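To start, the structure under review is shown below, and the notes come after it.
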Amino acid sequence: MSRFVPRALTVIVAGVVASVLAFASPAHAATFLTHAQAASQLSAAGITWSSSGNCSNRNNASCTSFTDVRQVTINGIKTLKSASGCAINITAGTETGHSSGTYSHWNGYKLDISKYACIGNYITAHFTYVGYISGWGYQYRSGAGNLYTDEGNHWDILFYNCGGC
């Protein structure tokens, strides 16, 4: 009887652990937001956005949408705003019309922002110049690894992570 109790406890504990692991989401799973969730967080952080079409429809290239943006991306732009102290206006989010790929606007990794002197000065002074990327523009890498590309009339930002949030 004394051998039965430890074996029974082992079986029970193993069953509980297996159940917990079966229903737990992986640590690397991304959290995707609705447009309203992202817009609320951006507004609370003092970050504005605009679109040429004055809309937020993800399937319209004239709109600026945050549908299915990654939480890490929103955290990253909030970190940039806080660290720089600059005004930030987002001009593109997850809407159609951008280049495809894993680390794309559509997949929630990228945001475009307006070019203001303050934010441009911050990026060029605080991040490492990578070089001119033919067909894209001048690129800078933050200490966190995020990429900031001066595409002429806006900054294209690729958020691999939240930038130290």
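Residue numbers (the numbering used here): 208 to 372. No residue lacks a Cβ here, since even glycine has one placed at the ideal position from N, Cα and C. No experiment lies behind these values; they were computed from the predicted model shown.
Annotation: T301 to I320 spans about 13 Å, alpha carbon to alpha carbon. Annotated three-state conformation of G370 is coil, per DSSP. Non-local C-beta neighbours of G359 in its own chain, meaning closer than 7 Å and more than five positions away in sequence, comprise G344, ordered along the chain. In this chain, the beta strand (DSSP E) harbouring I364 covers 361-365. The criterion of a C-beta distance shorter than 9 Å is not satisfied by G338 and A351. For the 9 Å CB-CB criterion, I330 and Y347 form a contact. With a threshold of 16 other beta carbon atoms within 10 Å, T335 falls short and is exposed. Straight across, the Cα-Cα distance linking Y323 with C293 is about 9 Å. With respect to Q248, K285 sits close: the two C-beta atoms are nearer than 9 Å. A299 carries a strand assignment under DSSP once its states are collapsed to helix, strand and coil.
In this structure, S259 sits near S269, with a CB-CB distance shorter than 9 Å.
Of all alpha-carbon atoms in T238, T274, K288, the one lying nearest the alpha-carbon of T255 is that of K288.
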